[in-house]
Amino acid sequence: MNDIIIELSQLLQAVKTSSDEPDIRLLDRRIFELCPQKVDYSHSAPLDPEQLVSFLEETDGLLNDYSQQLEQWQHTDDEAPLSLRQTLNTLAENAENASLQQLAALYQLMQRLIMHPQSRSNNLKALLDEALEIVNDQIEALIQHKVPADFTAFREQIRSTLTALDSVSTVEVDPEILEAFTEEAAELLISTDRAIKQWQSEPNNPAGSMQLQRDLHTLKGGARLTATMAMADLTHQTETLVLSVTDRPENPDEGFFNLLQRCQDRLTEMQEQLASRSIIPAANDLLQDIQQYSGYVPADIDNMDTLADSPAFIEHSMPDMQSISSATPATTKASPQSSEKIRVRADLLDYLSNFAGEVSITRDQVTQQHGVMHLQLEEMEETVARLHEQLRKLEIETETQILFRYEDTVQDTNAEFDPLELDRFSTIQQLSRSLTETVNDLNNISRSMGNLMRETDILLLQQSRLNTDLQQGLMHTRLLPFNSIVPRLERIVRQTNSELDKQSQLLVSGADLELDRTILDRLVAPIEHILRNAIAHGLETADERGQHGKDPVGRLQITMQREGSEVLITISDDGQGLNIEKIKQRAIDQNLIDPFNIPNEQSLIQLILTSGFSTADKISQLAGRGVGMDVVSNEIRALKGRLSISSQPGKGTQFHLRLPLTLSVMQALLISVNQQQFAVPLSAVTAGERISLQRIRELMAQEKPTYTFHGEHYDFVPLSNLLGQPLNLLDNLRQQMPLLLFRSGDVKVALAVDNIDSNREIVIKSVGAQLGQIDAINGATILGDGRVVFILDIPTLIDSYQTPTGTSNLQQASESYQQVAPDRKPLAMIVDDSITMRKATGSLLGRLGFDVVTAKDGVEALAQLYEQTPDIVLLDVEMPRMDGFEFASIIRNDVQFKHLPIVMITSRTGEKHRQRAMTIGVNAYLGKPYQDDELIISMKQQLGNRYPAEQR
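In full-length UniProt numbering, the protein residues as written are 1 to 952.
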């Protein structure tokens, strides 16, 4: 205790003699560290009953005030209010007056928590909640006359948490500066990762190490500026490590690069923690390893900023210029001049892109009206030409009449004037010539308007090009190359290798391909999971690979390539492949397939995308829970993409991710099918042909229609069939229909359409949540006349048509939905906005032997319907977002679910509503409140032998 008093006295004297203003937070932390951490309060003097009752009553009221004040404060952005601090201070004083020192100390800790600048972080909120629970436990112990529990461990937890938070930020940092550093740190760490790879591959070339030093120095400065001390300390020591190696004449060894890569990975983790505003713990283990390896102490480069300009530092750190010139290739290109960058909010870019799209739509409307004016002008020119011709004939006829009448009268009259000069003919002659002049004027005006229209055409064309450039420029600002996430993927591979004690390397090709930043961010998690699965399940250990004659280091390959309007991402490994027999047995055990009707191998492989499906023998942090690949599949589907899997035993597994290119403007073909117009991306079309109706009839008569184009065979199918509509052939066999050829992976399809209306540039618009669930629709566009045209996702339509056995998925779905596995309970879906109805009906069906899923409206029911198909649907009418009639209509128009039994249960028992339900195709109509027997009879009628056997 004397040592503590001496230390406190020295600290106080230092504060008094210092000319600078002391840092209160650092001073508080130092005093906290000096104070004894373990104090025995169990021997406090006992309270008399009256004092205890008074203390408990006042404490109860103050704690209620504290809870209300805390809740109000957490809903604001202000600092902790004075009233909240005063309440805690009063609680602490009361506890001290009652000789409850341990409770008083707890209140003081709570004061420190709410006064901390990062008191709104999740960590401190959790500590505040736990502190309140401890207070309640202390009060409860007093009431029951028990010795209060010691909370020394909790106090240590608070101390370590506050210390970690102080290491993140010991000063008030401008949020904009912190945000700027977060993004700059991400860019710098990408650069350091490249520099490490360059240095490791070319140890004799100083460019990599020099670039690494520059990046680390910049990163350290930014970390210190934002008071991110844990990152600053690690960057500082990493810089020390690099300098310790560059001073040596020999090239760095593998141990150095392994340690350097660990530092790189930890710095990347710190940047991610900084981006999420989480606590950044100090990397003490790495700091010790660095100091042990380098033999340097931290102070060696503490003054780097001041030494950087000194001649000694330059001479020490820069290699000889002659050696650099000899090590640098002669063909080295001059580095491009860096341009200034600004940061723009993503929502602002979205707004500008949408606004530019509206400009394009308006331009299309102007262009369409301009085309109408063109037609009107052409008609005007033709009218003027006809009028001119008629006037010419009139003039000739007029002169003829004048001469004829003159000959009749010349015998009786000795004319002294020319007939054309006679007064009685002058008026009609003047009118004729005036009309001719007027027609000539109209002709000149028409020509002037024609010239003006042509100039307007040029201006509209220029405006169209400028608008396209604007759209593409705005879109390009959101694009990032795939290689921007490669360092993160490599880090995941290294971490997984370390956890599983395996060896593998990640190779990436085509990483320069750019994707939308939002899509790229959403792709990271699925790709990470696939890579983890590949290492955990696919790759063998080094010994096992050696026994099979493989390289001890496993190979993971990511290939990026563009195919038409899609991006194909292939993730492959050279491991043992998928165990088809194990997948089949696990699927049988989980009643996913019928053991007497085993699907083909490709269908079995797709089962690993099922929720809850796993072939792992034991559960670990990386595998065995069955909640991974289904999430990957759902995420790819949410991006309008498709995931397929192929595997070869002993050679590895391939995951093929196909994603549509994100565009705001594209060239498209406007086509017609059964008098409905659709848009098809022009980039998705391989070729086009025209085919006679007679040839179409011949193809349709074949068992498997095949169209041959330039030696390649395409499956022939009318687009109307894919859209669930009949094919209409004209009787005139001389007429032809357009044929569009498409390719999706290994599948090639020739689609017959009724007509190709035009080829134009369109602006892609979102179709909303409900229509977005339709896989075959990839957006919509608005034409100049205001009509909305859907953009078809042709690859998805092709995939839905083609299966490994060559039959239609839609037909299989419509025929197989009634098949129920022998041991599976029938599944009933209850769609009702009433919680009471859902619970009551669900309880009844559960007793009857049904599995039950529920939804509160039609939208939620649709989402669940595509995850698991029920055997019967119990449907309400009046619901939010989508009512029962809309839901039933959608079901009856879907080939996959059109035979699904629907029992409508509603309070609308009138004949009008009943008739509408029956018209839609509802199987049974019951009124609320229903009788249990009535519902059971109705369900038995609809399900037949699929009704639970024990209840028949």
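Beta carbons are placed, not taken as given, at the ideal position from N, Cα and C, and that holds for glycine. In this text the structure is predicted, and so the values were computed from the model without any measurement.
Beta-carbon of Q365 versus every beta-carbon of chain C: anything under 7 Å? In the structure shown, chain C cannot be found, because there is only a single protein chain.
Taking the continuous alpha helix (DSSP H) assigned at Y947, which residues delimit it? No alpha helix (DSSP H) contains Y947, which DSSP labels as neither H nor E.
Go through its chain and collect everything with a Cβ distance to S611's Cβ below 6 Å, but skip five positions before and after it. Sequence-distant Cβ neighbours of S611 in its own chain, meaning closer than 6 Å and more than five residues away, are D630.
According to DSSP, is F887 helix, strand or coil? Residue state, collapsed to three classes: helix.
Only counting the same chain, and skipping five residues up and downstream in sequence, which positions put a Cβ closer than 7 Å to that of I937? none
Grab the span of the alpha helix (DSSP H) containing A752 for me, first residue to last. It is not in any alpha helix (DSSP H) - A752 instead sits in the beta strand (DSSP E) that spans V747 to A752.
State buried or exposed for H537, treating a residue as buried only when at least 16 other CB atoms are found within 10 Å of its CB. buried
What are the start and end residues of the beta strand (DSSP E) that includes residue 964? Residue coverage of the chain in this structure runs from 1 to 952, which leaves residue 964 outside it and unanswerable.
Would S360 be called buried (16 or more neighbouring beta carbons within 10 Å of its own) or exposed? buried
Which residue wins for smallest C-alpha separation from L722, given the options V753, E712, T909 and Y925? V753
What span of residues does the beta strand (DSSP E) with F742 cover, start to end? Q736 to S744
Going straight from the alpha carbon of A346 to that of R517, what length do you get? 10 Å
Residues that DSSP places opposite P718 in a beta bridge: Answer is A752.
Expected contact under 8 Å - CB spacing of L567 and L515 to nearest Å: The residue you asked about is not Leu; residue 567 is Val in the sequence shown. So it is a contact: roughly 7 Å between Cβ atoms.
Between the CA atoms of N258 and residue 1023 - distance to the nearest angstrom: In this structure the chain extends from 1 to 952, so residue 1023 is not present and cannot be described.
C-beta atoms of D573 and L539 nearer than 7 Å: yes
Looking only at its own chain, which residues have a Cβ that is under 6 Å from the Cβ of Y925, when we skip the five neighbours before and after it? M904, R914 and A917
On the CB-based measure, 16 or more other CB atoms within 10 Å of its CB, does L82 come out buried or exposed? Label assigned to L82: exposed.
So, L219 versus T235, is the Cβ gap smaller than 7 Å? For L219 and T235, yes; Cβs fall inside 7 Å.
Please name the residue in G641, V852, L670 and S647 whose C-alpha comes closest to that of L661. G641
Check Q868 in the structure and name its three-state DSSP category. coil
With I691 as the anchor, note down where its beta strand (DSSP E) starts and where it stops. V685 to S692
Evaluate contact between the region 431-441 and the region 386-395, counting only Cβ atoms and requiring at least three cross-stretch pairs below 8 Å. Output reads yes: the region 386-395 touches the region 431-441.
Reference L387; option with closest CA among M837, N440, Y930 and L556: N440
Tell me whether the beta-carbon of I902 lies closer than 7 Å to the beta-carbon of V922. yes
Let me know the secondary structure DSSP gives Q931 once reduced to three states. Three-state DSSP puts Q931 in coil, outside helix and strand.
Just the C-alpha distance for G222 and T192, rounded to the nearest angstrom, thanks. Cα-Cα distance, rounded: 15 Å.
Cβ shell of A888 (< 8 Å), same chain only, five flanking positions each side left out: L875, I902, M904, A917, I920, G921 and V922
Member of D265, L216 and K704 whose CA lies at the smallest distance from the CA of L241: For L241, the closest alpha carbon among the candidates D265, L216 and K704 is that of L216.
Go ahead and label D512 buried or exposed: buried means 16 or more other beta carbons lie within 10 angstroms of its beta carbon, across all protein chains shown. exposed
Please confirm whether G884 and T909 have their CB atoms less than 7 Å apart. no
Out of A180, P252, E455 and F716, which has the shortest C-alpha to C-alpha gap to V344? A180
Out of curiosity, what's the CA-to-CA distance linking K651 and E499? About 24 Å.
D40 classed as buried or exposed, judged by whether at least 16 other C-beta atoms fall within 10 angstroms: Residue confidence is low: D40 scores 42 on pLDDT, short of 50, so the model does not pin down where it sits. Its coordinate-derived value is still stated next. In this structure D40 is exposed. Its beta-carbon is surrounded by fewer than 16 other beta-carbon atoms within 10 angstroms.
Which residue marks the beginning of the beta strand (DSSP E) containing Q831, and which one marks its end? Here residue 831 turns out to be Val, not Gln, going by the sequence shown. Start and end: L827 to V831.
Is DSSP giving Q725 helix, strand or coil here? Coil at Q725, not helix or strand.
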